[in-house]
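Below is one structure, written out as structure tokens, with a few remarks after it.
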Amino acid sequence: MNAAPQITAGTAMKLDGVSKHYGPVKALDNVSFELRKGEFLTMLGPSGSGKTTSLRAIAGFIQPTAGRLMIDGRDMTSVPPQKRNIGMMFQDYALFPHMTVIENVGYPLETRGIKRAEREKRSMEMLEIVGLAHCAKRYPKEMSGGQQQRVALARALVFKPDIVLLDEPMAALDKKLRGQMQIEIMHITRQVGATVVSVTHDQEEALVMSDRIAIFKDGRLEQIGTPHQLYLQPKSEFVADFIGEANLLRGSVRATDDGVTIEGDGWRAGLPKGDIRTEALSRAQKACVVLRPERIHAAPAGPATGNAGEGVIEDKIYLGVEYRLVVRMNDGGKVNIRSRDVATIASMNAGDRIGMAWTADDIVIIGA
Ligand code: ADP
Ligand code: MG
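Just remember that the working numbering sits 2 ahead of the position in the sequence shown, which is counted from 1.
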């Protein structure tokens with residue numbers, strides 16, 4: 003199977019300043035973004051952040067309080083759901099129990115007036131793609147949870163919708179099956195070139211499946227980007243903490259002869275002159291440093307110079323491929339380290355004072 007995304011230059015959908023208010027509650031607050039054709043976008047955020055509201059606005063089940071929704075270049079803001087060419091798969095995939103698998107898949111074609119022979123041909127093609135052609139005559143209750151979900155996906159894709167919406171599609175599956183289905187759904191949607199908007203609160207699911215991730219917080223779009231961009235250049239502490247694991251160190255900014263440093267009790271992070279971040283920081287008094295656990299090198303305790311810190315090991319945990327250290331800093335804050343440097347870590351123990359080192363390239367600055 004070919005899992006390379008078939009993203010084209012065309013814009014599939016555009017949200018332009020979309021808001022949805024319920025009395026004083028701003029379920030959605032001025033959200034704007036574009037979705038490209040063939041793209042797999044995941045909306046990720048904590049419960050209540052506006053993900054489902056966004057999806058329902060795209061589907062047409064709710065009318066925005068303000069803003070515009072364009073699909074394939076047309077203003078669809080006031081178009082009813084049945085007149086939007088959108089496929090949907092929700093967590094309770096709601097297959098019709100009295101219909102066979104092929105009848106379930108063909109249902110959206112039937113409602114669109116497609117004749118029986120053509121319907122069966124296209125449904126069968128879709129069942130081939132999801133690997134269930136041999137189950138065409140079965141009833142949903144004769145299928146496993148994962149198979150039923152693939153039937154639901156086939157039904158959402160069979161009429162070649164402009165956009166496919168998935169709302170927490172894996173929520174009803176157990177953890178192992180969820181991991182398999184994430185990869186399968188990603189493969190299938192890419193194979194047919196579908197444009198997908200998915201919703202989840204599961205960070206890993208978003209990372210596995212998406213070309214881009216839109217992070218929601220309190221009804222607002224906090225940041226949108228590829229998994230890589232969000233990991234390497236988070237714009238806020240919230241995003242840094244939501245994508246991957248982040249150590250957030252808050253310190254005071256000070257100009258030095260060599261550039262600028264951000265310092266706290268027992269640690270400092272330095273940026274050289276000429277680094278574009280240095281100039282931005284020169285106007286700040288406080289800043290937050292994001293340090294990923296795998297970018298911190300544990301070292302025997304010693305005087306801290308340059309990009310370094312010190313602390314006391316609180317926990318040392320062996321995880322097979324790596325060690326995890328929890329280090330208590332002088333100010334009481336904790337820092338997580340993940341290290342594969344088994345030789346160095348083996349001789350360190352809980353209660354030991356250790357040093358930590360990193361480089362300017364390892365740090366991300368927020369709030370400059
Ligand atoms: P998510 O899907 O990210 O968990 P939702 O989009 O469902 O979040 O909800 C966003 C916010 O809007 C929440 O605070 C929720 O309580 C509120 N909300 C959603 N639907 C309604 C409604 N019909 N009436 C009042 N408040 C609502
Ligand atoms: Mg929801």
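Backbone N, C-alpha and C fix where the C-beta goes; we use that ideal spot for every residue, glycine too.
The structure displayed is predicted, hence computed values, not measured ones.
Is residue i near residue j, with beta carbons less than 7 Å apart?
i	j	result
N338	P295	yes
T202	I165	no
G47	I245	no
R355	V328	no
V160	V103	no
E41	I88	no
E265	G253	yes
G311	M358	yes
R326	R340	yes
L30	G52	yes
L97	P142	yes
A289	G369	yes
L155	M101	no
T346	S200	no
A271	V291	yes
L57	L209	no
A68	L37	no
L273	V262	yes
I185	L293	no
L134	R121	no
By the DSSP assignment, the beta strand (DSSP E) with residue i in it spans what residues?
i	result
E130	Here E130 belongs to no beta strand (DSSP E); instead the alpha helix (DSSP H) covers 118-131.
H1	Because the chain in this structure spans residues 3 to 370, residue 1 falls outside the shown range and cannot be described.
S254	249-257
R38	27-38
D317	310-320
A1	No information on residue 1 is available, as it lies outside the stretch 3 to 370 that the chain covers here.
K336	336-341
E265	261-266
M72	68-73
I9	Looking at the DSSP string, I9 is not in any beta strand (DSSP E), and its letter there is neither H nor E.
What residue does the alpha helix (DSSP H) around residue i start on, and which one ends it?
i	result
R180	177-193
E112	103-113
R86	No alpha helix (DSSP H) holds R86; DSSP gives it neither H nor E.
L57	53-61
T280	278-283
L209	205-211
Exercise. Does the region 224-236 come close enough to the region 207-214 that 3 or more CB-CB pairs lie under 8 Å?
Worked result: Touching, yes.
Problem set entry | Three CB pairs or more closer than 8 Å across the region 59-66 and the region 99-115 | Touching, no, given that fewer than three Cβ pairs across the two stretches are closer than 8 Å.
Exercise. Given 8 Å as the limit, is there contact between the region 178-197 and the region 139-151, that is, 3 or more CB pairs closer than that?
Worked result: Counting C-beta pairs closer than 8 Å gives three or more between the region 178-197 and the region 139-151, which meets the contact rule.
Exercise. Any residues whose CB sits closer than 5 Å to a heavy atom of the ligand ADP? List them in chain order?
Worked result: Close to the ligand ADP, as judged by a C-beta nearer than 5 Å to any of its heavy atoms, are the residues Y24, V27, A29, S49, G50, S51, G52, K53, T54, T55, in chain order.
Problem set entry | At least 3 beta-carbon pairs within less than 8 Å: the region 184-195 vs the region 13-21 | Judged by Cβ distances under 8 Å, the region 184-195 makes no contact with the region 13-21, as fewer than three pairs qualify.
Problem set entry | Every unbroken beta strand (DSSP E) inside the region 136-176 [3 residues or more] | Complete beta strand (DSSP E) runs here, min 3: 165-169.
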